[in-house]
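To keep things clear, I will list the structure first and then write my remarks on it.
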Amino acid sequence: AQTVTQSQPEMSVQEAETVTLSCTYDTSESDYYLFWYKQPPSRQMILVIRQEAYKQQNATENRFSVNFQKAAKSFSLKISDSQLGDAAMYFCAWSLANTDKLIFGTGTRLQVFP
Amino acid sequence: DSGVTQTPKHLITATGQRVTLRCSPRSGDLSVYWYQQSLDQGLQFLIQYYNGEERAKGNILERFSAQQFPDLHSELNLSSLELGDSALYFCASSVATGVLNEQYFGPGTRLTVT
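In order, the protein sequences belong to chains Z and A. The opening position of the first sequence corresponds to residue 140 in the numbering used here, with each subsequent residue numbered one higher. The opening position of the second sequence corresponds to residue -16 in the numbering used here, with each subsequent residue numbered one higher.
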């Protein structure tokens, strides 16, 4: 069975600094998708960034970028120039290509200090 | 605002009771997903419907059932409720299925079973 592991229950960063959240996954599949979702205190789940496994180039969305290491089954999220509004729970998720069932990790709570 | 609406926002009920959670997807979205977020189990995929048909099933209990109606709204029915069913239930929607498409999450329904 596929699993997603987030080994950092909590992380903190100073405003304007950079932070990296870790995610590893276990799968025997070769074609899949990976996602990072943000859940602020409002509880709304918001997609931050996504990556297709067949793409070697790491995805980037403004201040958010990923480091996708397929062989190592690692998918970390880098947040640059951290802002107070980035404070939230961050969930890493995996889905098999051509399906929509998301398997989530346990989440990392990110605190941002001024 | 994701465009996905869920009602009610909060629900408090007693063990053994039955409740119905409602979800209206974004305009034009054909796929609806249900997720459960609890302290014990984290975020779990329950079930997916696409254009009225069940598309994928996750760890959904037999006491739970769902359907998607011709107008594409969906309902999740939870019966014989137990204390452990207390959780945040999310509905998400997407345009299609089987491709890399973003799932837009609703604000969730907080269910408390006493």
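Beta carbons: idealized from backbone N, C-alpha and C, even for Gly.
Below-8 Å beta-carbon distance, residue i vs any chain Z residue
{"i": "GLU58 (chain A)", "result": "no"}
{"i": "GLY36 (chain A)", "result": "Just to set this straight, residue 36 (chain A) is Glu in the shown sequence, not Gly. Chain Z contact via Cβ: absent."}
{"i": "LEU94 (chain A)", "result": "no"}
{"i": "TYR16 (chain A)", "result": "yes"}
{"i": "PHE47 (chain A)", "result": "no"}
{"i": "GLN0 (chain A)", "result": "no"}
{"i": "LEU83 (chain A)", "result": "yes"}
Per DSSP, the bridge partner or partners of residue i
{"i": "ALA236 (chain Z)", "result": "None; ALA236 (chain Z) has no bridge partner."}
{"i": "LEU66 (chain A)", "result": "Answer is none; LEU66 (chain A) lacks a bridge partner."}
{"i": "ASN165 (chain Z)", "result": "Here residue 165 (chain Z) turns out to be Asp, not Asn, going by the sequence shown. Answer by DSSP bridge pairing, in chain order: Z:THR142."}
{"i": "SER57 (chain A)", "result": "A:CYS6 and A:GLN51"}
{"i": "ARG93 (chain A)", "result": "A:HIS(-7) and A:LEU71"}
{"i": "VAL(-13) (chain A)", "result": "Paired residue(s): none; VAL(-13) (chain A) is not in a bridge."}
Contact belief for residue i with residue j at Cβ below 8 Å, rounded distance in angstroms
{"i": "ALA49 (chain A)", "j": "TRP17 (chain A)", "result": "6 Å"}
{"i": "ARG1 (chain A)", "j": "SER62 (chain A)", "result": "4 Å"}
{"i": "LEU249 (chain Z)", "j": "ALA227 (chain Z)", "result": "6 Å"}
With 16 other Cβ atoms within 10 Å as the buried cut-off, status of residue i
{"i": "GLY11 (chain A)", "result": "exposed"}
{"i": "ASP23 (chain A)", "result": "exposed"}
{"i": "PRO8 (chain A)", "result": "buried"}
Contact with chain A by residue i, beta-carbon distance below 8 Å
{"i": "MET184 (chain Z)", "result": "yes"}
{"i": "GLU191 (chain Z)", "result": "yes"}
{"i": "THR245 (chain Z)", "result": "yes"}
{"i": "THR157 (chain Z)", "result": "no"}
{"i": "THR163 (chain Z)", "result": "no"}
{"i": "LYS177 (chain Z)", "result": "no"}
Let me know the beta strand (DSSP E) ranges lying completely inside the segment 167 to 252 of chain Z, each 3 residues or longer, listed in chain order. 171 to 178, 185 to 191, 203 to 208, 213 to 218, 227 to 235 and 247 to 252
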